[in-house]
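Next up, the structure:
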């Protein structure tokens, strides 16, 4: 059998976004998974989840990162450890001198972001952070701008809200105060949603505005879920981004509940130029189907993933796909499109859409947004 | 680029809905859904309006409408600096509720219109014309 072009080593396995990345790399005819690995001193549970992924793809599991990185039959590393470990793990992987596919956001601290950027640039390796720039609606927005039909860009708005989880459980009247800094991002029952989902529209704004950021103004909130409130983390965030080139950006990210949208949530971009405005929704055009089909019902929460964060637990708990709206562009290919675009850039020896520079800038905007929300005023970058 | 993505959620050319009667009717209809507790506590509004007139004036009218839904004016607002062809405001209410209101210029072949997301703690209302 002839080896495929890209032999992929996965860092961290199940119960991370690696579930989706691995499936896409496995399905792409240009790539194959050759191993799963992680740091030796992670929890037994993390090792078990990693072993489960290795078993599913019938590849070795390396419970020692040094051993894994010493393997010669590797061409690309997909790096997806928990945020708290991400800085040091990416640094070690960058030292291997291979292309890196990086989970989003890049890291949780300014120091880690800076170190990662320096390490990747120093190693001279291509790197791409997962984002939504490969979605059909983002591509369409970019092409509309590049066509010149809208004139010079003056404003860009992007939003990614996930209609997942059982909303309506947040304590009434909760008006939580945000924290400027946090050292914990990983919870079983919840995620910091500005961090985890807000990164998508922020990347889109930066990618489209193509300018350094001058100022960020943000609010975070606990609107929907008791789990987030109990963990003292936000389930929603909204911000404005003022760019040095004068473009006004705005971004919305949050988890709003399964029943709050006919698909997986509001996803879209509006770009405004001196010549006019266009909106690009993930769901338009679409048809709307009304019939005697059973209404999709949210099943009982998976005990290990009540917010439906992971691919495996969504399947295990039977979260149904909503089919009342059927968009012309099928959303199930978005994830694979991102991996495919990275392989395209490697094939063409071109820069990926979201290289480490843009990834670092977007993650810095997220961290600045927390500072703004905590201080109650704009933050200058 | 596929032309299937042209103009997104904005409606076809013959629909001209941002006339003087539309917003009051829309406001009352949404207020009725909120008062009937169909979406739970109102927590966030994203108002994206395509306007032919002064975007600043349109934004003030939008803020009046949204403030009616929240029952009071916002306690804080931030207006980003940018082109006078657009207007944006990020607003927060005393209970922590928020809104992002944006008025942007219409395009050739795309008429005035409104794309609205009204998010509640357990449901949402969407409106696009």
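Protein chains in written order, with our numbering: chain A, 1 to 381; chain B, 1001 to 1129. Using N, Cα and C, we set each Cβ at its ideal position, and we do this for glycine too. Quantities reported herein were computed from a predicted structural model and do not represent experimental measurements.
Proximal residues of chain E, C-beta to C-beta of residue i below 7 Å
{"i": "residue 1105 of chain B", "result": "No chain E appears in this structure, whose protein chains are A and B."}
Cβ-based burial, residue i [other Cβ within 10 Å; buried from 16]
{"i": "residue 204 of chain A", "result": "buried"}
{"i": "residue 165 of chain A", "result": "buried"}
{"i": "residue 410 of chain A", "result": "Since the first residue shown for chain A is 1 and the last is 381, residue 410 of chain A is missing from the structure and cannot be characterised."}
{"i": "residue 1046 of chain B", "result": "buried"}
{"i": "residue 349 of chain A", "result": "exposed"}
{"i": "residue 14 of chain A", "result": "buried"}
{"i": "residue 136 of chain A", "result": "buried"}
{"i": "residue 1104 of chain B", "result": "buried"}
{"i": "residue 315 of chain A", "result": "exposed"}
{"i": "residue 318 of chain A", "result": "exposed"}
{"i": "residue 217 of chain A", "result": "buried"}
{"i": "residue 1035 of chain B", "result": "exposed"}
Per-residue DSSP class, three states only, for residue i
{"i": "residue 28 of chain A", "result": "coil"}
{"i": "residue 233 of chain A", "result": "coil"}
{"i": "residue 38 of chain A", "result": "coil"}
{"i": "residue 144 of chain A", "result": "helix"}
{"i": "residue 332 of chain A", "result": "helix"}
{"i": "residue 187 of chain A", "result": "coil"}
{"i": "residue 248 of chain A", "result": "strand"}
{"i": "residue 162 of chain A", "result": "strand"}
{"i": "residue 1114 of chain B", "result": "strand"}
Integer-rounded CB distance, given that residue j should sit under 8 Å from residue i
{"i": "residue 1043 of chain B", "j": "residue 1120 of chain B", "result": "6 Å"}
{"i": "residue 380 of chain A", "j": "residue 214 of chain A", "result": "7 Å"}
{"i": "residue 413 of chain A", "j": "residue 200 of chain A", "result": "Any answer about residue 413 of chain A is impossible in this case: the structure gives chain A only from 1 up to 381."}
{"i": "residue 188 of chain A", "j": "residue 226 of chain A", "result": "With 8 Å as the limit, residue 188 of chain A and residue 226 of chain A do not qualify as a contact, their Cβ atoms being about 14 Å apart."}
{"i": "residue 1048 of chain B", "j": "residue 240 of chain A", "result": "Between residue 240 of chain A and residue 1048 of chain B the Cβ distance is about 14 Å, and since that is not below 8 Å, they are no contact."}
{"i": "residue 197 of chain A", "j": "residue 160 of chain A", "result": "6 Å"}
{"i": "residue 20 of chain A", "j": "residue 154 of chain A", "result": "The Cβ separation is near 35 Å, so there is no contact."}
Within-7 Å CB hit, residue i to chain B
{"i": "residue 179 of chain A", "result": "no"}
{"i": "residue 291 of chain A", "result": "no"}
{"i": "residue 228 of chain A", "result": "no"}
{"i": "residue 250 of chain A", "result": "yes"}
{"i": "residue 13 of chain A", "result": "no"}
{"i": "residue 374 of chain A", "result": "no"}
{"i": "residue 266 of chain A", "result": "yes"}
{"i": "residue 240 of chain A", "result": "yes"}
{"i": "residue 370 of chain A", "result": "no"}
{"i": "residue 43 of chain A", "result": "no"}
{"i": "residue 381 of chain A", "result": "no"}
Test: residue i CB closer than 7 Å to a CB of chain A
{"i": "residue 1030 of chain B", "result": "no"}
{"i": "residue 1098 of chain B", "result": "yes"}
{"i": "residue 1043 of chain B", "result": "yes"}
{"i": "residue 1119 of chain B", "result": "yes"}
{"i": "residue 1034 of chain B", "result": "no"}
{"i": "residue 1023 of chain B", "result": "no"}
Residues in the region 183 to 217 of chain A having any Cβ partner in chain B nearer than 9 Å: 214, 215, 217
Short of 8 Å Cβ to Cβ, which residues in the region 1068 to 1092 of chain B face chain A? 1076, 1078, 1080, 1081, 1082, 1083, 1085, 1086, 1088, 1090, 1092
Quick one: which residues of the region 293 to 327 of chain A get their C-beta closer than 7 Å to a C-beta of chain B? List them in chain order. Within the region 293 to 327 of chain A, no residue has its Cβ closer than 7 Å to any Cβ of chain B.
The region 1043 to 1067 of chain B: positions lying closer than 8 Å to chain A by Cβ: 1043, 1044, 1046, 1048, 1050
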